[in-house]
Amino acid sequence: MDIPIFVTIVLLVAGHAPFDTQDGTTHQVIVRDFEYHDGTTGTPITLARVGDVVAFVHGGGFHTATGGVGSLALGGDGPDSPILDDEGDVYEFRVTAAGTYTYTCLIHAEMNGIIVAGR
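Residue numbering for the sequence shown follows my numbering, beginning at 292 and increasing consecutively.
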């Protein structure tokens, strides 16, 4: 998927989909098949709130979830997982600020995901 189109889709989804989580909710993202699969949206887009946790769960292969340049989170750090390569590996990232967090796999640059965080 072309990145500008992907970002446009994210902005449209973020503008029309309510953030229907509560503080402290855990969002599961399965990392497999060279993609990130959010457990709720089924896409690489996770809708969260400040205080929520995004749990990246190993689903096969060797992957990371590493915050990208261009994350718009105000004062927050993006995800920075180790290599997830064993069955059952989980990396948890707590959302600390509202904004858009972009992330990628350092091993597979074509793998990209976004966390859109509201207050």
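Note that the Cβ used here is the ideal one computed from N, Cα and C, for glycine as well.
Residue i vs residue j beta-carbon contact at 8 angstroms
i	j	result
residue 369	residue 379	no
residue 348	residue 381	yes
residue 404	residue 389	no
residue 346	residue 383	yes
residue 407	residue 321	no
Candidates the options, of which the one nearest residue i by Cα
i	options	result
residue 371	357, 377, 341	357
residue 391	376, 351, 341	341
residue 327	315, 354, 376	354
residue 350	399, 377, 332	377
residue 333	319, 344, 374	319
Three-state secondary structure (DSSP) of residue i
i	result
residue 326	strand
residue 371	strand
residue 404	strand
residue 381	strand
residue 340	strand
residue 345	strand
residue 320	strand
residue 297	Residue placement at residue 297 cannot be trusted, given a pLDDT of 49 that sits under 50; what the coordinates show is reported in the next sentence. Helix.
Where residue i falls, given that 16 or more other Cβ within 10 Å makes a residue buried
i	result
residue 329	buried
residue 324	exposed
residue 393	buried
residue 317	exposed
residue 306	For residue 306, the predicted model reports a pLDDT of 46, less than 50, meaning its position is unreliable; a value from the coordinates is still stated below. The residue in question, residue 306, is exposed, as its Cβ has fewer than 16 Cβ neighbours within 10 Å.
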